[in-house]
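Undergrad:
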Amino acid sequence: MEQVRVGMVGYKFMGKAHSNAYRATPMFFPNTAKPVMQAICGRDPQGLEQARSQFGWLSSETDWRNLVARDDIDLIDINAPSDAHKEIALAAAAAGKHIFCEKPLALTLEDSREMLAAAEEAGITHMVGFNYRFAPAVKLAKKLIEEGRLGKIYHFRAWFLQDWIIDPSFPLVWRLQKEIAGSGSHGDLGAHLIDLGRHLVGEFAEVIGMSETFVKQRPLPSAMTGLSAKGDLNAPLGDVTVDDATLFMTRFANGALGSFEATRFATGHRCTNAFEINGSKGSVKFDFERLNELQVYFTDDAEDVQGFRRVLATDAAHAYMDAWWPAGHTIGYEHTFTHEVVELMDAIKEGRQPVPNFVDGVKCQEVLEAVERSVAERRWVSISEMA
Ligand code: SOE
Numbered sequence: 001m002e003q004v005r006v007g008m009v010g011y012k013f014m015g016k017a018h019s020n021a022y023r024a025t026p027m028f029f030p031n032t033a034k035p036v037m038q039a040i041c042g043r044d045p046q047g048l049e050q051a052r053s054q055f056g057w058l059s060s061e062t063d064w065r066n067l068v069a070r071d072d073i074d075l076i077d078i079n080a081p082s083d084a085h086k087e088i089a090l091a092a093a094a095a096g097k098h099i100f101c102e103k104p105l106a107l108t109l110e111d112s113r114e115m116l117a118a119a120e121e122a123g124i125t126h127m128v129g130f131n132y133r134f135a136p137a138v139k140l141a142k143k144l145i146e147e148g149r150l151g152k153i154y155h156f157r158a159w160f161l162q163d164w165i166i167d168p169s170f171p172l173v174w175r176l177q178k179e180i181a182g183s184g185s186h187g188d189l190g191a192h193l194i195d196l197g198r199h200l201v202g203e204f205a206e207v208i209g210m211s212e213t214f215v216k217q218r219p220l221p222s223a224m225t226g227l228s229a230k231g232d233l234n235a236p237l238g239d240v241t242v243d244d245a246t247l248f249m250t251r252f253a254n255g256a257l258g259s260f261e262a263t264r265f266a267t268g269h270r271c272t273n274a275f276e277i278n279g280s281k282g283s284v285k286f287d288f289e290r291l292n293e294l295q296v297y298f299t300d301d302a303e304d305v306q307g308f309r310r311v312l313a314t315d316a317a318h319a320y321m322d323a324w325w326p327a328g329h330t331i332g333y334e335h336t337f338t339h340e341v342v343e344l345m346d347a348i349k350e351g352r353q354p355v356p357n358f359v360d361g362v363k364c365q366e367v368l369e370a371v372e373r374s375v376a377e378r379r380w381v382s383i384s385e386m387a
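Note that the numbering used here numbers the sequence shown so that position 290 is 290, with each residue one more than the last.
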């Protein structure tokens with residue numbers, strides 16, 4: 001298949017990121033299948049039309065059911081709030097459409113399993129949006145581990161820190177409501193860390209966690225708003241039903257130990273998504289705020305120059321970089337989504353499943369729920385309990 005006609009549900013933050021990726025793909029990666037921006041879907045006709053013309057979609061639909069029913073669409077991209085994922089994915093699979101779904105895959109583990117089963121039964125291509133895997137510096141970390149250059153992995157420590165709800169008057173947006181978001185910082189930020197842990201180190205064996213909601217009530221928003229919403233202290237209050245911060249530890253199946261921290265209360269941290277990995281032969285450090293760089297340390301460096309050094313992952317030797325600019329010319333957040341779309345287009349063209357797919361979405365959900373169970377029951381929870 002040389003062209004993939006896309007129908008996208010959602011047009012806010014992620015919708016913009018995905019649209020940009022669809023536009024960039026044919027220009028920078030001409031050898032993969034070409035995504036055609038066939039139709040964009042949202043409920044508010046005015047906002048939708050604005051997004052359609054601004055992002056460059058050919059047509060629009062105000063009801064996702066019409067989108068899924070269209071026979072000029074091959075792939076349904078779901079980046080609407082999490083509570084909409086399952087229903088749209090099940091309908092898309094039943095209609096034989098490929099699916100690209102934002103993370104977390106679903107509100108619950110059970111729902112995510114249902115989505116995976118439907119996708120497998122329909123025989124369609126399915127992908128989940130863990131975009132940070134696609135930073136070339138993260139790919140380099142993965143390559144070093146796979147080639148044994150870090151030796152046996154002992155530690156994975158990861159933290160995803162934000163501060164956009166630090167103000168108690170920040171409104172009760174959908175991301176703070178369990179029935180729409182599933183969980184708070186845990187599913188929104190921790191999900192990325194879990195995916196990176198699985199990608200880089202391996203499967204989780206057991207977890208123990210703790211969680212807190214620091215601000216328990218917030219003003220109700222007047223409209224569907226996002227990360228840049230403004231508070232209104234005169235508005236009635238509603239209960240925050242998700243975690244503001246969740247921390248947990250894990251033992252990986254291969255014996256490595258992991259620690260994870262996801263919070264929206266780390267004052268001064270706008271979007272610090274970072275990890276460090278220590279192995280018997282070396283270490284790597286990554287921080288999304290400097291996403292072109294990987295700090296590396298090797299035990300076999302000469303003794304007098306041992307120490308962490310910075311590798312700028314922008315050479316042709318680094319994943320995806322030969323498609324962009326000459327060495328040393330850096331890339332940004334949006335490129336992670338383009339690389340994700342390239343993987344999806346390659347997979348559809350080659351008739352294989354992309355990675356990460358719904359299996360990875362389900363496995364992430366297993367860990368998310370195991371941590372929630374651990375928090376509720378104040379004990380270690382084995383991932384095998386989630387079977
Ligand atoms: C908001 O917390 C958010 O945009 C997440 O939803 C994304 O998945 C993460 O990449 C950055 O922060």
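Yeah, the Cβ is synthetic: ideal placement off N, Cα and C, and Gly gets one too.
With DSSP as the reference, identify every bridge partner of cysteine 101, one or two as the case may be.
TA: According to DSSP, cysteine 101 bridges with Ile78 and Val128.
Undergrad: Just to confirm before moving on: does the CB-CB distance between histidine 202 and phenylalanine 252 stay below 8 Å?
TA: Reading off the sequence shown, one finds glycine at residue 202, where the question assumed histidine. It is a contact, given that the beta carbons lie within the stated cut-off.
Undergrad: Should the stretch 70-87 be called in touch with the stretch 154-168, which here means at least 3 C-beta pairs below 8 Å?
TA: Contact between the stretch 70-87 and the stretch 154-168 is absent, because fewer than three Cβ pairs lie under 8 Å.
Undergrad: If I measure Cβ to Cβ from aspartate 239 and keep anything under 7 Å in the same chain, skipping five residues before and after, which residues do I get?
TA: The answer, listed in chain order, is Lys216 and Gln217.
Undergrad: Can you give the Cα-Cα distance for arginine 352 and alanine 319, rounded to whole angstroms?
TA: Near 20 Å, if we compare the C-alpha coordinates of alanine 319 and arginine 352.
Undergrad: Return the bridge partner residues of methionine 386 from the DSSP annotation.
TA: DSSP lists no partner for methionine 386.
Undergrad: Which partner residues does serine 112 have in the DSSP bridge list?
TA: In DSSP, serine 112 forms no bridge with anything.
Undergrad: Roughly how many angstroms separate the alpha carbons of isoleucine 99 and serine 112, rounded to a whole number?
TA: About 13 Å.
Undergrad: Expressed to the nearest angstrom, what Euclidean distance is found between the alpha-carbon atoms of histidine 335 and aspartate 195?
TA: Roughly 18 Å separates the two Cα atoms.
Undergrad: Within 7 Å: the Cβ of histidine 199 and any heavy atom of the ligand SOE?
TA: It does not: the Cβ of histidine 199 is nowhere closer than 7 Å to a heavy atom of the ligand SOE.
Undergrad: In angstroms with no decimal places, state the Cα-to-Cα distance between proline 104 and isoleucine 277.
TA: The straight-line gap from Cα to Cα measures roughly 24 Å.
Undergrad: Does the beta-carbon of alanine 245 have 16 or more other beta-carbons within 10 angstroms, so that it is buried, or is it exposed?
TA: With 16 or more other Cβ atoms within 10 Å, it is buried.
Undergrad: What whole-angstrom Cβ distance do glycine 129 and glutamate 102 have, given they're in contact under 8 Å?
TA: Right, their Cβ atoms sit about 4 Å apart.
Undergrad: May I have the straight-line CA-CA distance separating alanine 262 from leucine 189, to the nearest angstrom?
TA: Each residue's Cα considered, the two are about 6 Å apart.
Undergrad: Per DSSP, threonine 246 forms a beta bridge with which residues?
TA: Partner(s): Ser211 and Ala262.
Undergrad: Taking asparagine 402 as part of the alpha helix (DSSP H), name the residues at either end of that continuous run.
TA: It is not possible to answer for residue 402, since the shown part of the chain is limited to 1 through 387.
Undergrad: Check whether the Cβ atoms of arginine 65 and valine 36 sit closer than 8 Å, and answer yes or no.
TA: The answer is no: Cβ separation not under 8 Å.
Undergrad: Can you tell which of Gly268, Thr272 and Ile208 has its C-alpha closest to the C-alpha of methionine 249?
TA: Comparing Cα-Cα distances from methionine 249 to each of Gly268, Thr272 and Ile208, the minimum goes to Ile208.
Undergrad: So the candidates are Val68, Ala80 and His85; which of them puts its Cα closest to the Cα of alanine 94?
TA: Comparing Cα positions, the closest option is Val68.
Undergrad: Quick one: give me the first and last residue of the beta strand (DSSP E) that alanine 274 is part of.
TA: Taken as a continuous stretch (DSSP letters only), the beta strand (DSSP E) holding alanine 274 covers 272-279.
Undergrad: Per DSSP, serine 283 is paired with what?
TA: Serine 283 pairs with Asn278 and Tyr297.
Undergrad: Considering only residues of the same chain and omitting the five flanking positions on each side of threonine 32, which have a CB-CB separation below 7 Å?
TA: Within the same chain, threonine 32 has close Cβ partners Thr25, Val342, Met345, Asp346 and Lys349.
Undergrad: Ignore the nearest five residues each way along the sequence and tell me which others in asparagine 131's own chain have a CB closer than 6 Å to its CB.
TA: Contacts found: Thr336, Phe337 and Glu340.
Undergrad: What span of residues does the beta strand (DSSP E) with alanine 391 cover, start to end?
TA: Because the chain is modelled from 1 through 387, residue 391 falls outside the range shown and cannot be assessed.
Undergrad: Given that a residue counts as buried once 16 or more other Cβ atoms are within 10 Å of its Cβ, and exposed if not, what is arginine 198?
TA: The residue is buried, with at least 16 neighbouring Cβ atoms inside 10 Å.
Undergrad: For the ligand SOE, is there a heavy atom less than 7 Å away from the beta-carbon of leucine 227?
TA: Yes.
Undergrad: Taking the alpha carbon of glutamate 2 as the reference point, which residue from Lys34, His85, Arg373 and Thr330 has its own alpha carbon closest?
TA: For the residues Lys34, His85, Arg373 and Thr330, the minimum Cα distance to glutamate 2 belongs to Lys34.
Undergrad: Check whether the Cβ of histidine 335 sits closer than 7 Å to any heavy atom of the ligand SOE, and report yes or no.
TA: Checking every heavy atom of the ligand SOE against the Cβ of histidine 335, none is found closer than 7 Å.
Undergrad: Which residues in the same chain as asparagine 357 place their Cβ atom closer than 7 Å to its Cβ, once the five residues preceding and following it in sequence are excluded?
TA: Excluding positions up to five away in sequence, the list reads His126, Met127 and Val128.
Undergrad: Quick one: using the 10 Å Cβ neighbour count with 16 as the cut-off for buried, is glycine 258 buried or exposed?
TA: Flag for glycine 258 reads buried.
Undergrad: What do you reckon, is the C-beta of aspartate 346 under 7 Å from a heavy atom of the ligand SOE?
TA: Checking every heavy atom of the ligand SOE against the Cβ of aspartate 346, none is found closer than 7 Å.
Undergrad: Which same chain residues end up closer than 7 Å to arginine 43 when comparing Cβ atoms and leaving out the 5 residues on each side of it in sequence?
TA: The residues are Thr62.
Undergrad: Determine the DSSP secondary structure at arginine 5, reduced to helix, strand or coil.
TA: Note: arginine 5 maps to strand in three-state DSSP.
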